[in-house]
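Note that our numbering has the sequence shown beginning at 6, numbered continuously upward. Glycine residues also receive a C-beta, built at the ideal position from the N, C-alpha and C atoms. In this text the structure is predicted, and so the values were computed from the model without any measurement.
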Amino acid sequence: MELSPKVKNILLLDSEGKRIAAKYYSDDWPTNTAKEAFEKAVFSKTQKTNARTEVEVTALENNIIVYKFVQDLHFFVTGGEEENELILASVLQGLFDAVNLLLRGNVDKREALDNLDLIFLCFDEIIDGGIVLETDANVIAEKAGINSIDPNAPLSEQTISQALATAREHLTRSLLK
C-alpha cells in the first residue's frame, strides 16, 4: 500500500460532456479512445445529479470520482478505489477555488477556454505524476497566476510562460538600449 494519495486523472468537461481540459496520470486508459469513453461514462453517470453546491462522490469502473459543477463546467478528480474520498475532495475543491480565483469569479466555459493555460498550470501545481502536491487554492493560484509573480524573481521560481515573458522583457530592454 502506498502512503501518498494518488490521482488517476483530472477532468474538466462542458455541459455536454465534451473535454475542455484533462490530464491523465495513470495508464488505465492507454488510448485517446479509451480516455474519451471513460469521460463519456463519467459524464453519463453524473449528469443527472445536482453537484452545484458541494462536492459529490461516485464510483465507476473500480475508481472513485469526486465532482462538482459550476455553470456550464463539470470538474472531476478520479482516484483508485482504495483512495480516501476526503483527499480527492480536497484536491477538487483546491482546483475549483484556484480556478475561481484566477478567473476572478467568472467560471464558465468561455472563460475556461480563454484561460486554458492557467487551468493546466493549476493541474500541474496540484498534481505531479499522480501525487498530490498542493490543495490550498491561494497557493495554487499564486503559483499559476501569471501577473502575480515578481519580475525580479529567479527563473527557477517562475512558470514557463512567466519565464518567457521575463526573458522577452529583458531582450526588449537590451535591444532598446
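{"query": "Rounded to a whole number of angstroms, what is the C-alpha to C-alpha distance between glutamine 76 and alanine 117?", "result": "11 angstroms"}
{"query": "Which residue wins for smallest C-alpha separation from glutamate 147, given the options Gly85, Cys127 and Ser179?", "result": "Cys127"}
{"query": "Taking the alpha-carbon of aspartate 32 as reference, which of Gly85, His175 and Glu174 has the nearest alpha-carbon?", "result": "Gly85"}
{"query": "Count the CB pairs spanning the stretch 100 to 109 and the stretch 62 to 71 that are closer than 8 angstroms, and state whether there are at least three.", "result": "no"}
{"query": "The alpha helix (DSSP H) spanning glutamate 90 covers which residue range?", "result": "90 to 107"}
{"query": "Buried or exposed: where does leucine 180 fall if 16 or more other Cβ atoms within 10 Å of its Cβ makes it buried?", "result": "exposed"}
{"query": "Are the CB atoms of glycine 99 and threonine 140 nearer to each other than 7 angstroms?", "result": "yes"}
{"query": "Classify lysine 13: buried if its beta carbon has 16 or more other beta carbons within 10 angstroms, exposed otherwise.", "result": "buried"}
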